[in-house]
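In order, the protein sequence lines correspond to chains Z and F.
Residues in the first sequence are numbered from 0 upward in steps of one, following numbering that gives the first Met the number 0.
Residues in the second sequence are numbered from 0 upward in steps of one, following numbering that gives the first Met the number 0.
Every residue gets a Cβ at the ideal spot worked out from N, C-alpha and C, and that includes glycine.
There are 2 protein chains.
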Amino acid sequence: MKSHAVAAALLPLVFCAAAADPPPKPPQGSADVLAASTGSDWRPLEPANTLYLELAAGRVVIELAPAFAPEHVGNIKALVKDRYFDGLYVMRSQDNYVVQWGDPDGKRANPRAKQSLPAEYFRASEGLDFTALPDGDVYAPETGFVDGFPAARDAKAGRAWLTHCYGMVGVGRDVPPDTGSGAELYVVSGHAPRHLDRNLAVVGRVIKGMELLSALPRGTGALGFYDKPDQYVPIKSIRLAADVPAGERTALEVLKTGTPTWSAYVAARRTRREPFFVDPAGHIDICNVAVPSRPRKAP
Amino acid sequence: MKSHAVAAALLPLVFCAAAADPPPKPPQGSADVLAASTGSDWRPLEPANTLYLELAAGRVVIELAPAFAPEHVGNIKALVKDRYFDGLYVMRSQDNYVVQWGDPDGKRANPRAKQSLPAEYFRASEGLDFTALPDGDVYAPETGFVDGFPAARDAKAGRAWLTHCYGMVGVGRDVPPDTGSGAELYVVSGHAPRHLDRNLAVVGRVIKGMELLSALPRGTGALGFYDKPDQYVPIKSIRLAADVPAGERTALEVLKTGTPTWSAYVAARRTRREPFFVDPAGHIDICNVAVPSRPRKAP
């Protein structure tokens, strides 16, 4: 008798329109859109812009966004090249906010990374392939996607920035804006803290393995920091995928965000046609779109 | 050198305005607003509308919202009175979505609860003390708070409903809308799935202990259900606070959401004056306001 309840909200059921002449195109669920996609609707992750955060529990795959924070991304690559993060820790998990990792003691040297960087909290909106969403936004004049990353745009001010959606990775910093080097990183693990937009450098997005970070025990110290060193979660290593032997890489592809397939996917997410929904929203928030990824099929 | 980074974003620092004559009221951080609040700015949780979900790891305190789903709340109270949930399980944790509990086998009898209920997915907007937010919303014509619960309103249609923000509790159901009895409940554990608004009966909000649910391991079955019974998280009991001896209750109070203190709190959350913020948002989403609660002070 008892059901899987809310579960049904995500089941890939298809709403079948009544037959007619000419037959109307049946409304599609997002799973149908993805099932009907072709190989060219997807792009592989570039090894030169992909990080592997290795924990005892498994691998977290992060796609970097150099188009938005080139200096920060460059610094993170330099830190990773120097194996800066290996043996450091996840030291914070604040419920409904962020998980954070780096050097709890702030003592590890990172001589090859720049210690001060420009505040890359937004960039020029010109030159971006921005695929807008139609429903407006509470925080920004416009939201949409740039090459798979959730973003916002203020065309009047000529600025664009990545939005702090679930799974987005940013660079921690102290109070002065030039104090984030990339040696301390966080990932959003709760409802999008959009008030952080344009106040921190957002450098990427977790593509796979988010649950290895989001389900960590919450820290009981102030702001979710772990109280005791034995609560820290060790980082085995962080590597650029390009520096990992090809056979050890996680081959993933991400749905392209500027195609007809993408438009159909967004439409299906905006207005859920599955029978479960008695009153489909007909709107969607930037952080509820969820850009799909999947194992890359062999060519 | 290394800082607590994003941490600073939540530190209760005060921005001090330059002196002037007449002295301008200094902008306040939300922590200042709460520190300056008086006892009458808070209301205690009513034992008759508070549930204690007891897990081995501790107690989760849920405030019920009978004003929005009276029949569902009544049924849940009947189930709890009959100790329906005792010995059942949390059986689902889907990353960035919901945690769900009830009877995985759907076999436990609940004869005193109604098996079919009206679809209380919205109610008349009339008669509600609705404190609106100023920034609009992607999903609804208007959002705000009703007695501490995040809500939305469509004045034209004369409807109001609770919004699926982090920590909100709803009633799972099968595909037909009258199949949710309250015997299966879920809590939002990720970015607000607002597409569920007006499609499910929302019955309350977790006030304390959310991390006992949100940090549970993610289920590896479809939709985050636990694959194997040994992964289920046992529920020791669910009780109405009124049925628990006074000395064993968790005395909590919640900030009232229709007062000048509330307005000041929202203003401080909309525009962060702490020095960390170089570009305060000046806007706020219904699910980012976070209604404060705290241990109730002895009278």
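Spatial neighbours of F:T258 within its chain, please: C-beta separation below 7 Å, excluding the five flanking residues on both sides.
Once the five neighbours on either side are set aside, the close Cβ partners of F:T258 are D40.
Who are the neighbours of F:S292 on chain A, taking C-beta pairs under 7 Å?
The structure shown contains no chain A; its protein chains are Z and F.
Between the segment 221-241 of chain Z and the segment 92-111 of chain F, do at least 3 Cβ pairs fall closer than 8 Å?
Output reads no: the segment 92-111 of chain F does not touch the segment 221-241 of chain Z.
Round the Cβ separation of F:G147 and F:V232 to the nearest angstrom and send it over; I've been treating them as touching at under 8 Å.
27 Å between Cβ atoms; not a contact.
Quick check: the segment 176-194 of chain Z against the segment 123-130 of chain Z, are at least 3 beta-carbon pairs closer than 8 Å?
Too few Cβ pairs lie closer than 8 Å, so no.
If Z:V60 sits next to Z:T49, beta carbons under 8 Å apart, how far is it from one beta carbon to the other, in whole angstroms?
Yes, Z:V60 and Z:T49 are in contact; Cβ-Cβ is about 6 Å, under 8 Å.
Can you name the residues of chain Z whose CB is closer than 8 Å to the CB of F:L215?
Within 8 Å Cβ-Cβ: A214.
So Z:T256 and Z:T130 are in contact, right, with Cβ under 8 Å, and what is the actual spacing, rounded?
About 5 Å separates the two Cβ atoms, so the contact holds.
Give the straight-line distance between the Cα atoms of F:K155 and Z:A191, rounded to the nearest whole angstrom.
Their backbone Cα atoms lie some 29 Å apart in a straight line.
In chain Z, what lies closer than 9 Å to F:A118 by C-beta?
The answer, in chain order, is V277.
Using CA coordinates, which residue listed in Z:C286, Z:F275, Z:A200, Z:A266 is at the minimum distance from Z:V315?
Because chain Z spans 0 through 298 in this model, residue 315 of chain Z falls outside it and cannot be assessed.
Looking at chain Z, is there any beta carbon in it that lies within less than 8 Å of the beta carbon of F:N198?
Yes, F:N198 lies at the interface with chain Z (some Cβ there is under 8 Å from its Cβ).
Give the interface partners of F:V274 over in chain Z, defined as CB-CB distance under 8 Å, in chain order.
It should be pointed out that residue 274 of chain F corresponds to Pro in this sequence rather than to Val. V174, listed in chain order.
Does the beta-carbon distance from F:E53 to F:S292 come in below 8 Å?
In this structure, F:S292 does not lie closer than 8 Å to F:E53 by Cβ.
May I ask you to report which of helix, strand or coil DSSP gives F:V145?
In the structure shown, F:V145 sits in a strand (DSSP, three-state: E or B).
Measuring CB atoms only, is the segment 171-178 of chain Z touching the segment 75-85 of chain Z, in the sense that at least three cross pairs come out at less than 8 Å?
No, because fewer than three Cβ pairs between the segment 171-178 of chain Z and the segment 75-85 of chain Z fall closer than 8 Å, the two stretches do not touch.
Which residue wins for smallest C-alpha separation from F:Y165, given the options F:R152, F:G143, F:V145, F:S188?
The option with the nearest alpha carbon to F:Y165 is F:S188.
Against F:M209, what residues of chain Z qualify as contacts under a CB-to-CB distance less than 8 Å, listed in chain order?
Residues of chain Z passing the Cβ test: D94, N95.
Mind checking which residues open and close the alpha helix (DSSP H) that includes F:Y264?
Where F:Y264 is concerned, the enclosing alpha helix (DSSP H) stretches over 259-269.
Could you tell me if F:G203 is buried or exposed, where buried requires 16 or more neighbouring beta carbons within 10 angstroms of its beta carbon?
So F:G203 counts as buried.
So, helix, strand or coil for F:D40, using DSSP?
Helix, per DSSP.
Straight-line CA distance for F:D104 to F:M90?
Near 10 Å, if we compare the C-alpha coordinates of F:M90 and F:D104.
When you compare only the Cα positions, how much space is there between Z:A56 and F:V97?
Roughly 22 Å between the two C-alpha positions.
Can you pull the chain F neighbours of Z:D134, defined as C-beta to C-beta under 9 Å?
The answer, in chain order, is V137, Y138.
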